[in-house]
Structures are given as structure tokens and as C-alpha cells.
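Enquirer:
In our numbering, the protein residues as written are 244 to 609.
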């Protein structure tokens, strides 16, 4: 007995925006005015609006090729034809930067783009930074007009969109490495929701997985600094999250079973620490370590480690550029009462990873 189903593929605004930029029809994301990797400036609640286009953007030869590739990849992913997906864009090598927010991921992504010869302010946040593709660990969620969104379908289609648009973008915008591949950097913390499946889809040797890890104490301080300052009373602003990161923290805590009232009663560090712990615990069991462990590099937050990675990529790509300095500020003194709790969280995560045969790196309070 055979069954047939109808699936509606509607290109996401992120895919459409980058495609329009490739067609030189849209430059607002890439005019140099938006520095998504700024280390000291608060951009988290001032991101530029998503673009809106009519169907004419899909009528160019490049767009028709992109949509055709997208349909082939999406159908292959649904049907389990992973060899086709692996063959597509096999000359692209990804550098996935994965880590909890405010752990050096934006800096590292920006510097890896420089290795490819690109100015990160000319590369859209959608392509290089977090958010797209939306690989959700839930099947359903709030969608448009109050209707439930089918995240499983959205995630699958957006994964195909990303593979297509990254393949087209980096092959057109950068120079091929002498070893025969194009480097495609991507800050991609949401991969932990689909890590094993995504690694199986790409296959071995197709990506470097660069994991940034920072102590939860300076992480919490950096998050509130970027979100508008330490909230009055020291409680986490659960009812009025001020940035994308604070909204992600609320979502993490809800998934851990906390009620809105419980989250609103948490102090700022407790909320961040639980979200931080959930992220790295999930990472350990996500399938990220599947296959070739040498593809994965754990990078504890710090100037020497982060800048060292950039130097290695520069040498590999025959570049003589020096990495931009990582701005490190001692933050622990601002909340000395958090030091012990942060140490307990790091010790607990170290123990959890060790119980699974993994080594969690030593972390400083920077």
C-alpha cells in the first residue's frame, strides 16, 4: 500500500535575503553598518529587520539554480538519500563554531571569515551567525498568527537551505584553498539539537567543529552587559527578556520544567547557570563527538586559545594576517558571591563529561 503526502516548501526570509544579496538586489544586511561581532557594543536588541521580497527575486538564473538545488536536497533529506547530500557541495569545508553565548564564538567566526578574505560586516548575520538554520529540538512551537508551527519540517527545510546558500555564497565570494576546498565559517550553536544527525548527513571530514567554552560567571555578566545592564533587584527578567540570549535562556528553563513563576524568582546567575549547564550537558550526549574526534576542538575562553586557533587557520590558508586582539576583562570581582556557585557548576560539568569518557577543559574566571 502506498501513501502520498503534500509538503509546502516556503523559502525562509534568511534564505531569500542572502539569495537576494547574491543577486545584488539587497545590500541592507551587508553594507558594513552592522557589526554583529562587536565585542563592546550592544547590538542584541537592535538587529536589522528581516527583508521582504516579491517573487521576482527567484526569477534570475542564479535563483532558479538555488531553488532547484534546494528542492533536490530537501527531498533527498526526507527520503534518506544522504549520499546525494554528501555529494552536493563536497568541495566546501565548514568551520562550525559552537558554544554557549558570550564565549568567544562571534569573535572566532569573524576572524575565520577574515581568513577567507571576507569582511564580516559584509557577510549577513543570517549566513555567518546564529539563528539560521533553526534546528529546533521540539517538533512544534508558536508560529505565525498564533498558529502552531511545525518546527520539524521547518528545521529540515532550513538545513537544506543553509547547505545550498553556503555552497553558492562561498564558491562565489572566496578563493578556493590550494587543497581544493572552499572554507565556510559558521557560528552554529543550534547544531547541538541535531548534532549526530547533522554529522551523519555531512559525513566525515567535511567540517571542523570548534567548541568555545567559558566559565558561567563571566558569561552571565557578559550577557547582562549586552542586554541592557544588571537588572534591578538582581532577578532574571523572565517576564520581559531584553535580548535574544535572554529569550533563549527562558526557553531552556521552560524545557527543564521550570514554571514562569519559578524563572521570575531566580537570580540572574542561577538562570544563566542552569541554561549554561543544560547546553554543555546536551552537547556531550548530542552526537557531536560521533565519528572522528579529531574534527572537534575544545577551546576554553581566553586570548591565547582563541587567537591561537586563528593563527593556525591563517597558516593553513597561507595568510600572514595577525588576529584581532580578544578583549578580556576581569569580571569575577563584580559578583564575588557567584564565584563558589560557578566553581560548583564547572565541577559538576567536568564530572558529567568524565563519566561519559569526555574531557571538559579547565576554565578561568575571565
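Cβ atoms here follow ideal geometry from the backbone N, Cα and C, with glycine treated the same way. Here the structure is a predicted model, which is why all the values come from computation and not from measurement.
#1: Could you tell me how far apart the beta carbons of residue 340 and residue 453 are, in whole angstroms, since I believe they sit closer than 8 Å?
#2: Taking its Cβ as the centre, do 16 or more other Cβ atoms sit within 10 Å of residue 425, making it buried, or is it exposed?
#3: Take the Cβ of residue 422 as the centre, count every other Cβ of all protein chains shown within 10 Å, and call the residue buried at 16 or more, exposed below.
#4: Does the Cβ of residue 355 lie closer than 8 Å to at least one heavy atom of the ligand SAH?
#5: Hey, would you say residue 327 sits closer than 9 Å to residue 314, going by beta carbons?
#6: Could you tell me the distance, in whole angstroms, from the CA atom of residue 441 to the CA atom of residue 531?
#7: In its own chain, which residues sit with a C-beta less than 6 Å from the C-beta of residue 589, not counting the 5 before and 5 after it?
#8: For residue 477, which residues in the same chain have their Cβ closer than 7 Å to its Cβ, ignoring the five residues on either side in sequence?
#9: Going along the chain, which residues of its own chain have a beta-carbon closer than 6 Å to the beta-carbon of residue 516, five neighbours each way excluded?
#10: Could you give the residue range of the alpha helix (DSSP H) that holds residue 259?
#11: With the cut-off set at 9 Å, would you say residue 407 and residue 309 are in Cβ contact?
#12: Would you report the Cα separation of residue 343 and residue 538, rounded to the nearest angstrom?
#13: Check whether the stretch 544-563 touches the stretch 470-490, taking contact to mean three or more Cβ pairs, one atom from each stretch, closer than 8 Å.
#14: Taking the alpha helix (DSSP H) that residue 185 belongs to, which residues open and close that run?
#15: One question on the structure: do residue 560 and residue 358 come within less than 9 Å of each other, judged by their Cβ atoms?
#16: Is it true that the CB of residue 431 sits closer than 9 Å to the CB of residue 373?
#17: In whole angstroms, what separates the C-alpha of residue 412 from that of residue 265?
#18: On the criterion of 16 or more Cβ atoms from any shown chain inside 10 Å, does residue 370 qualify as buried, or is it exposed?
#19: Could you check the C-alpha separation between residue 295 and residue 305 for me, to the nearest Å?
#20: In chain order, which continuous runs of the alpha helix (DSSP H) of length 4 or greater are located wholly inside the stretch 334-390?
#21: Please name the residue, chosen from 375, 601 and 336, that lies closest to residue 529 on a Cα-to-Cα basis.
#22: Since residue 491 is in the alpha helix (DSSP H), which residue starts that stretch and which ends it?
Expert: In this structure, then:
#1: Between residue 453 and residue 340 the Cβ distance is about 5 Å, and since that is below 8 Å, they are a contact.
#2: Answer is buried; the Cβ neighbour count reaches 16.
#3: By the C-beta density criterion, residue 422 is exposed, having fewer than 16 other C-beta atoms within 10 angstroms.
#4: In terms of ligand content, the structure shown is empty, and the ligand SAH therefore cannot be addressed.
#5: No.
#6: The straight-line gap from Cα to Cα measures roughly 9 Å.
#7: Its chain contains 606 as the residues whose beta carbon lies nearer than 6 Å to that of residue 589, once the 5 sequence neighbours on both sides are disregarded; these appear in chain order.
#8: Cβ neighbours of residue 477 within its own chain (closer than 7 Å, five residues either side excluded): 510 and 511.
#9: Excluding sequence neighbours, residue 516 sits near 459 and 588.
#10: Looking at the DSSP string, the run of the alpha helix (DSSP H) that includes residue 259 is 256-265.
#11: Pairing residue 407 with residue 309 gives a Cβ-Cβ distance under 9 Å.
#12: In a straight line, the C-alpha of residue 343 is about 19 Å away from that of residue 538.
#13: Pairwise C-beta distances place the stretch 544-563 out of contact with the stretch 470-490, as fewer than three of them are shorter than 8 Å.
#14: With the chain covering only 244 through 609, there is no way to say anything about residue 185.
#15: Yes, the Cβ-Cβ distance between residue 560 and residue 358 is below 9 Å.
#16: Yes, Cβ-Cβ distance for residue 373 and residue 431 is below 9 Å.
#17: Going by the C-alpha atoms only, they are around 7 Å apart.
#18: So residue 370 counts as buried.
#19: Between the C-alpha atoms of residue 295 and residue 305 there is a straight-line separation of about 19 Å.
#20: DSSP runs (the alpha helix (DSSP H)) wholly in the stretch 334-390: 348-358 and 368-371.
#21: Distance check between residue 529 and each of 375, 601 and 336 places 601 closest, using alpha-carbon atoms only.
#22: Counting along the chain, the unbroken alpha helix (DSSP H) around residue 491 starts and ends at 487-498.
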